[in-house]
Amino acid sequence: MNIQHLENKQMENGIVLACSGASDLGELADKVARKIRNTYPINMKCLAMVAAQDKGLLETLQSSETLVIDGCPVDCGKKIMEEAWLSNYRYVRLTDMGYVKGQTIVTEELINEIANKIINSDGANRIIHNKPVEKECCTEENCDMFDFMSDYVGLKILHPGGIEATNNVLDMLKIEKNMKVLDIACGKGRTSVHIAKKYGCQVIGIDILENSIEEAKIYAKKHGVDHLVTFQAANAENLPFADNEFDITIAQAMLILVDNKEKVIREASRVLKPGGKSGWIELSWKKPAKEDFLLNASKEICAKCISNVVTFNDWEEMFKQVFANVKVNSFDMDFRGFSEMIKEEGILIGLKVMFRYMTKPTIRKRMMKLNNFFKTYPEYIGYGIYITEN
Ligand SMILES: C[S@@+](CC[C@H](N)C(=O)[O-])C[C@H]1O[C@@H](n2cnc3c(N)ncnc32)[C@H](O)[C@@H]1O
Numbered sequence: 015m016n017i018q019h020l021e022n023k024q025m026e027n028g029i030v031l032a033c034s035g036a037s038d039l040g041e042l043a044d045k046v047a048r049k050i051r052n053t054y055p056i057n058m059k060c061l062a063m064v065a066a067q068d069k070g071l072l073e074t075l076q077s078s079e080t081l082v083i084d085g086c087p088v089d090c091g092k093k094i095m096e097e098a099w100l101s102n103y104r105y106v107r108l109t110d111m112g113y114v115k116g117q118t119i120v121t122e123e124l125i126n127e128i129a130n131k132i133i134n135s136d137g138a139n140r141i142i143h144n145k146p147v148e149k150e151c152c153t154e155e156n157c158d159m160f161d162f163m164s165d166y167v168g169l170k171i172l173h174p175g176g177i178e179a180t181n182n183v184l185d186m187l188k189i190e191k192n193m194k195v196l197d198i199a200c201g202k203g204r205t206s207v208h209i210a211k212k213y214g215c216q217v218i219g220i221d222i223l224e225n226s227i228e229e230a231k232i233y234a235k236k237h238g239v240d241h242l243v244t245f246q247a248a249n250a251e252n253l254p255f256a257d258n259e260f261d262i263t264i265a266q267a268m269l270i271l272v273d274n275k276e277k278v279i280r281e282a283s284r285v286l287k288p289g290g291k292s293g294w295i296e297l298s299w300k301k302p303a304k305e306d307f308l309l310n311a312s313k314e315i316c317a318k319c320i321s322n323v324v325t326f327n328d329w330e331e332m333f334k335q336v337f338a339n340v341k342v343n344s345f346d347m348d349f350r351g352f353s354e355m356i357k358e359e360g361i362l363i364g365l366k367v368m369f370r371y372m373t374k375p376t377i378r379k380r381m382m383k384l385n386n387f388f389k390t391y392p393e394y395i396g397y398g399i400y401i402t403e404n
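In this text, residue positions in the sequence shown follow the working numbering: the first is 15, and each later residue adds one.
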């Protein structure tokens, strides 16, 4: 259902919320929301009241058709909704519609144009993203354990072995200050920043998700390494870099998420100098996974990507198709307790995760399921650190 349907049904309880940030796009989002409110039977509420967790408003939003308009990929509106555990809403981001932050002049004509576009869009044209109703953290449509850990649990480091595994890879890669490093699928930028701080070298992080890149930029600035680290949104299957540009690439927990693993491996090799090295961390089976194990896996932990995991040997063969040298280091899966998690993620995020765990039964249930699953099959589950060389 989209806004058009809201209008058709003359629903009284439709609500629009908008970012009203200081930039041109924030102003635009706010004014478009007002235009929609003034033209259609829909109420406008204050996003800041959602951020302040106003009880009455949260209850109203739980039973209302809601439209959230953000200006830019900082996604304040979306984050505020997620923080309040509201997931059943339509979402529009003005940058997705082609408007550029810092370069958009807010005119009455433009406000009308965007309000009309939103009102007349249907679910198919992606101006309004129809999010599935999520009663549970894990539904058919939301079936990726990494999304769950990132979007619902709030973790920022999302690969097996955590920081310890990253430090192992970095030691094996022998990074030096004068080197240029590419962090492929950098997520929220934790590893890129860690590398820049540890070695003082130049790092570029890329990820397919624009909002992760925006968060990574803020994180690098906060840690005083934004002169060394840059981030950009890009697809690992088609890296926007010249041949032989990097000394090192690192990719953690990403091959199991891409459609074409071989293409990503070839791209990593292409952008590396002759003799350049790549470090990969990937979930790996200790023995070939039987079909019933795989079925059970995707059912129990609700992770489509699990069917992309292969054995240590199969990963090795895959890397050997592209790289001259491949070294495999296999590890048992280890588990971060809360204290370990706080050490890695930092006190603020750690406490936030603990709070969610304690107060949100759906989160707790799925986290426990995940932990139990990984503990139940030690004969299958491990992770590999693969060091490959051009
Ligand atoms: C499990 S997370 C790991 C993130 C980070 N490397 C870490 O260790 O915390 C996987 C990441 O891969 C990114 N990703 C998935 N497919 C991608 C692609 N084709 N190109 C670039 N990034 C991709 C996701 O957006 C996500 O940030």
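Idealized CB from N, CA, C, for every residue including glycine. In this text, all values refer to a predicted model and were calculated from it rather than measured experimentally.
DSSP beta-bridge partners of residue i
i: Ser292; result: Thr263, Thr402
i: Thr325; result: Trp299
i: Thr80; result: Ile29
i: Asn57; result: Ile29
i: Gly219; result: Asp197, Phe245
i: Asn339; result: Glu403
i: Arg284; result: Paired residue(s): none; Arg284 is not in a bridge.
i: Tyr397; result: Leu297, Phe345
Contact test: residue i Cβ vs ligand 1 heavy atom, cutoff 6 Å
i: Gly201; result: yes
i: Asn225; result: no
i: Leu172; result: yes
i: Asp348; result: no
i: Leu184; result: no
i: Leu271; result: yes
i: Ile279; result: no
i: Met268; result: yes
i: Asn252; result: no
i: Phe388; result: no
i: Asn249; result: yes
i: Asp158; result: no
i: Asp221; result: yes
Among the options, the one whose alpha carbon lies nearest that of residue i
i: Leu108; options: Gly70, Lys45, Leu100, Met63; result: Lys45
i: Glu224; options: Lys202, Ala247, Lys231, Cys215; result: Ala247
i: Cys319; options: Tyr213, Ala267, Leu286; result: Ala267
i: Pro87; options: Gly112, Met63, Cys215; result: Gly112
i: Glu265; options: Val183, Val336, Asn134; result: Looking at the sequence itself, residue 265 is Ala, so the reference to Glu does not match. Ala265 has its Cα closest to that of Val183, out of Val183, Val336, Asn134.
i: Phe333; options: Pro392, Asn386, Gly176, Asn404; result: Asn404
i: Phe349; options: Phe260, Glu122, Met381; result: Met381
i: Ile56; options: Val30, Lys291, Lys170, Ala230; result: Val30
i: Lys275; options: Asn252, Leu365, Val285; result: Asn252
i: Val64; options: Asn52, Leu42, Ile50, Lys92; result: Lys92
i: Cys90; options: Ile133, Leu124, Ala36, Ile50; result: Ala36
i: Met159; options: Leu75, Met193, Asn385; result: Asn385
i: Asp346; options: Met193, Ala210, Tyr391, Lys194; result: Tyr391
i: Cys200; options: Ser77, Lys212, Lys191, Ile220; result: Ile220
i: Glu73; options: Asp306, Asn102, Trp294; result: Asn102
i: Ala129; options: Leu187, Lys49, Leu81; result: Lys49
i: Leu196; options: Ile177, Ile218, Tyr213, Ala338; result: Ile218
i: Ile222; options: Leu75, Ala250, Tyr371; result: Ala250
i: Leu269; options: Ala234, His237, Ala230, Val324; result: Val324
i: Glu281; options: Gln335, Thr205, Thr121, Met193; result: Gln335
i: Thr53; options: Ile133, Gly214, His241, Ala230; result: Ile133
i: Ser312; options: Trp294, Ala62, Lys383; result: Lys383
i: Ile295; options: Ala43, Ala179, Asp165; result: Ala179
i: Phe255; options: Leu308, Leu100, Leu286, Ala338; result: Leu286
i: Glu259; options: Met193, Leu362, Gly175; result: Met193
i: Val120; options: Asp165, Val167, Ile377, Ala43; result: Ala43
i: Thr263; options: Leu187, Ala338, Arg204; result: Leu187
i: Phe369; options: Tyr166, Glu79, Asp328; result: Tyr166
Which parts of the stretch 342 to 385 are runs of the alpha helix (DSSP H), unbroken and 4 residues or longer, counting only runs that do not cross its ends?
352 to 359, 361 to 373
Please give me, in chain order, every unbroken run of the alpha helix (DSSP H) with length at least 4 that falls completely inside the stretch 224 to 282.
224 to 236
Going residue by residue through the stretch 169 to 194, where are the continuous beta strand (DSSP E) segments of at least 3 residues, counting only ones entirely within it?
none
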